[in-house]
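To start, the structure itself, in structure tokens.
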Amino acid sequence: MGPAAARLAGLAETLRSLGCAVKDRGDLTQPQAEPGAMGRKVYPSAYVALKEVRSSVEDSLAVDSVPLVIGGDHTVSIGSVGAALSKYGTDLAVLWVDAHSDLNTPGTSDSGNIHGMPVAALMGLESGVDGEQEILWRRIMAEVVGAEKLGPGRAAWLGLREVDGPEQEQLAQMPGCFTSTMYDLDRNGLVSEIDRLDAWIRESGASQLWISFDVDVLDPILAPGTGTAVRGGLTYREMHLMGEMLSETMRAPGCPYRLAGLDLVEINPLFDRGNETAKTAVEWIASIFGKTILGKR
């Protein structure tokens, strides 16, 4: 229901008002898991869906469009970023704006929910399990992510505040990645952290930036419509400052990287109030695409 909520919040109209040419490709097929299936039991249906996500994003990238992928849970990013990795390889950096690092694998996840594993899949991490789960995990990495995997030196996280123990261990073993937790943002300020992110991207040599935005990075007082809310997230003003700074940076003459694509995920209207979360997310997208208080840049 997340994509429908974003459309209802005026996503296409907002982008058009900023001068963007928008083509809504519609919803992708949603394969049904067995009734009551949770955790690892949804892997087969997730695999089918992710193959379609990847194919659709590949079509957009082939005509030099900027794909905007609306979820749904963060699992969709395995398909979207997988397609971008296939096109750009090591020229692609990924900014994961999320309360969670999503670095669990089937072997480290207590719940088995694949929406906590997309970065692990994109990086090609071992599953840590045997049998059917291992086979499906390898199929997702081989056929959805593809041959090009996301290297630690091209992975950045912003807004982290709930990271599991095994994920902490993985991050500690990833030299070259960028992490900015809510502690960093509180201590150093958002402007300083965005400047640090910009320096990291430039040093990495990436020419393309894919931004994967999970609405649970926002404080749940601001964005209650998500199933994975964590208290203490970004405020409304921090959200827009981040979007406007990223947009301003990428539009500046001489910037060595540009926006390759964007995910907007984890909108769940069942937990929302008056579609406020989707409206807030659409407003953030407007900032990324150039809207400011005094007009479009």
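Read in order, the letters of the sequence shown are residues 580 to 876 in the numbering used here. From the three backbone atoms N, C-alpha and C, an ideal C-beta is built for every residue, glycine too.
Rounded separation between residue i and residue j - CA only
| i | j | result |
| --- | --- | --- |
| residue 582 | residue 848 | 10 Å |
| residue 819 | residue 826 | 10 Å |
| residue 685 | residue 777 | 33 Å |
| residue 676 | residue 593 | 21 Å |
| residue 736 | residue 869 | 22 Å |
| residue 647 | residue 842 | 6 Å |
| residue 785 | residue 668 | 9 Å |
| residue 721 | residue 702 | 11 Å |
| residue 851 | residue 808 | 11 Å |
| residue 788 | residue 611 | 32 Å |
Residue i beta carbon near the ligand SAH (any heavy atom closer than 7 Å)
| i | result |
| --- | --- |
| residue 610 | In the structure on display, the ligand SAH does not appear, and there are no ligands present to speak of. |
Close beta carbons around residue i, own chain, < 6 Å, minus the five adjacent residues each side
| i | result |
| --- | --- |
| residue 619 | 691, 712 |
| residue 641 | none |
| residue 693 | 625, 654 |
| residue 806 | 847 |
Buried versus exposed call for residue i [16 or more other C-beta atoms within 10 Å across all chains shown]
| i | result |
| --- | --- |
| residue 793 | buried |
| residue 621 | buried |
| residue 782 | exposed |
| residue 816 | exposed |
Simplified DSSP assignment, three categories, for residue i
| i | result |
| --- | --- |
| residue 793 | strand |
| residue 744 | helix |
| residue 787 | strand |
| residue 839 | strand |
| residue 874 | strand |
| residue 850 | helix |
| residue 813 | strand |
| residue 683 | coil |
| residue 807 | coil |
| residue 708 | coil |
| residue 749 | helix |
| residue 601 | coil |
Same chain, Cβ closer than 8 Å to residue i, neighbours up to 5 away in sequence not counted
| i | result |
| --- | --- |
| residue 607 | 628, 631, 632, 635 |
| residue 602 | 644 |
Contact set for residue i: own chain, Cβ-Cβ below 7 Å, skip 5 residues either direction
| i | result |
| --- | --- |
| residue 822 | 863, 866, 867 |
| residue 604 | 635 |
Identity of the residues DSSP links to residue i by a beta bridge
| i | result |
| --- | --- |
| residue 672 | 788 |
| residue 736 | 675, 758 |
| residue 648 | 842 |
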